[in-house]
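Peer 1: The number in the working numbering is simply the position in the sequence shown, starting from 1, with 222 added.
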Amino acid sequence: MDERITTESRLGMYLRDRRAKLDPAAFGFPPGRRRTPGLRREEVAQRANISPTWYTWLEQGRGGAPSADVLERIARALMLTDVEREHLFLLGLGRPPEARYQKSDGVTPRLQRVLDALDPTPAVIRTAIWDVVAWNRAATVMLIDYASLAPDERNILRFIFLDPGARAAQHDWESVARFVLGAFRVDAARAGAAAEVEPLIDELCRRSPEFKAMWRDNDVHGGHGEAVKHIRHPLLGPLAFEHSAFAVDGRTDLTMVVYNPATAEDAGRIASALA
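1) Buried or exposed: P483, going by 16 or more other Cβ atoms within 10 Å of its Cβ?
2) With DSSP run on the structure shown, which of helix, strand or coil describes D245?
3) How would you write the range of the beta strand (DSSP E) that G459 sits in, first residue to last?
4) Per DSSP, Q324 is paired with what?
5) Just list the residues that DSSP pairs N482 with in beta bridges.
6) Could you check whether H465 and V479 sit closer than 9 Å to each other, using their CB atoms as the reference points?
7) Check each candidate in K325, P421 and A247 and name the one with the smallest Cα separation from A413.
8) So what's W357 in DSSP terms, helix, strand or just coil?
9) Consult DSSP for L476 and reduce its assignment to one of helix, strand or coil.
10) Give me, in chain order, the residues of the same chain whose beta-carbon lies closer than 7 Å to that of R307; leave out the 5 immediate sequence neighbours on both sides.
11) Taking Cβ to Cβ, would you say F251 is nearer than 9 Å to L261?
12) Between which residues of its own chain and V346 is the CB-CB distance below 6 Å, once the five residues before and five after are set aside?
13) Going by beta carbon distance, what residues of the same chain come within less than 7 Å of T278, once the five residues before and after it are set aside?
14) Just to confirm, is the Cβ distance from L310 to L302 under 9 Å?
15) Where A247 and E265 are concerned, what is the direct C-alpha to C-alpha distance, given to the nearest angstrom?
16) Check the C-beta distance from L426 over to F406 and give it rounded, since I have them as a contact under 8 Å.
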């Protein structure tokens with residue numbers, strides 16, 4: 223069977239399925255007498271500002287490969303979620319859509335309960351631009367009291383380059399700073415967040431000559447999901463953590479970072495501090 227026809231047929235089936243699940247009245251279309259549920263093809267075409275004939279051909283699997291712009295307009299017309307939009311692009315073009323960054327101001331209660339259940343292991347949730355949006359009590363004791371900071375100050379790059387306490391806690395500050403900055407550069411680019419990080423980059427370049435020099439080096443680092451982190455805690459002394467990063471299911475903009483104590487002795491000292 224022709225693979226191209228198979229792909230176009232799958233796209234058409236997906237479009238018909240999504241169209242059938244929409245309520246015409248919710249979009250201002252008269253319910254009237256309809257042979258099938260959902261919007262009519264010409265109504266979707268009207269909302270997407272494309273030719274009804276062209277849209278009909280797409281549903282029938284004979285419209286050829288649509289452009290990214292057409293798929294984007296159809297996704298908006300059908301009110302697709304981010305996951306549904308990605309699936310539409312994979313069917314229509316064989317690749318996901320370009321990333322579009324969405325600012326996140328917090329997490330669900332369920333995710334917060336996951337963090338809390340990890341005590342006494344420090345854990346945080348950060349965005350693609352490395353803003354910390356959630357944390358547990360162990361993170362407050364071992365890393366920094368995020369609750370004492372304004373939301374726009376809870377950025378990991380700010381800690382590394384502007385906070386003397388964060389610098390003193392690192393065994394090899396320069397290596398840590400370069401690694402964090404290289405990983406941040408990859409995450410921000412992958413998330414399509416160039417416009418969002420520009421004010422932060424400008425500020426750090428003004429306030430930190432070291433950041434400015436490292437940023438100009440254009441180094442990037444991938445594979446930062448697991449590592450061992452050594453810190454000098456002001457009260458507990460040297461500590462080692464197995465540092466792991468996990469994607470949050472359903473939230474491509476968020477990453478959970480867990481700092482698991484590397485030894486039983488370190489875990490006991492942290493638990494005592496929390497108690």
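C-beta: ideal position from N, C-alpha, C; glycine also.
Peer 2: Judging by the given coordinates:
1) buried
2) coil
3) G459 to V470
4) Answer is none; Q324 lacks a bridge partner.
5) E464
6) yes
7) K325
8) strand
9) strand
10) A297 and P319
11) yes
12) V354, W357, A361 and V479
13) R263
14) yes
15) 12 Å
16) Not a contact, Cβ separation roughly 11 Å.
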